[in-house]
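Q:
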Amino acid sequence: MKTLRSKFKKTENQDWNKYDEKLMQAVDFNDPLRVSSLLRKKNLVSTKLDSEGKSAFHLAAMRGNLECMEAILAHGVDMMTTDSSGYNVLHLAAKYGHPQCVRRLLQPCVAAFPAQSSYVISREH
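Number 58 in the UniProt record's numbering belongs to position 58 of the sequence shown; there are no gaps in the numbering.
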């Protein structure tokens with residue numbers, strides 16, 4: 001079943017190119033400088049899904065590659081973009097046990113609600 005779904009996904013992603021693949025490899029090898037360089041020079045979309053339904057941003061969250069996530073976030077990204085299973089990066093970071101990534105992804109929420117967040121942050125210790 002997975003191979004059949006992959007075949008259909010592949011036809012949907014006609015615009016997937018070698019630079020998208022290089023971005024995925026840079027995340028896979030936890031190379032934030034390469035990630036940043038590719039995003040800047042090739043104007044890539046870090047949330048473009050591959051044939052397996054994952055993006056470079058999702059892969060960084062799954063692997064706990066905080067530096068790669070930071071590089072992607074610095075280039076602007078929609079954090080609510082989901083993979084083919086319906087998970088966003090926060091879901092994946094939590095699912096795969098990467099609390100440092102979860103904390104980073106929740107920072108914009110903490111900044112929006114400072115009165116409530118001081119209690120949550122202090123409870124963490």
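All residues carry an ideal CB built from backbone N, CA and C; glycine is no exception. Computed from a predicted model, the values in this text were never measured in an experiment.
1) Once DSSP output is grouped into helix, strand and coil, what is the label at MET24?
2) Counting only the same chain and skipping the five closest in sequence on each side, list residues whose C-beta sits under 8 Å from that of GLU67.
3) Take LYS41 as the anchor and find which of LEU23, LEU49, SER51 and LYS54 has the nearest alpha-carbon.
4) If you draw a straight line from the C-alpha of VAL102 to the C-alpha of LEU49, how long is it?
5) Helix, strand or coil: which one does DSSP assign to SER36?
6) Exposed or buried, what is ASN85 when buried is set at 16 or more other beta-carbons lying within 10 Å of its beta-carbon?
A: In short, the structure shows the following:
1) helix
2) ASN30 and PRO32
3) LEU23
4) Their backbone Cα atoms lie some 21 Å apart in a straight line.
5) helix
6) Before going on, a small fix: residue 85 reads as Ser here, not Asn. Exposure of SER85 is indicated by the presence of fewer than 16 other C-beta atoms within 10 angstroms of its C-beta.
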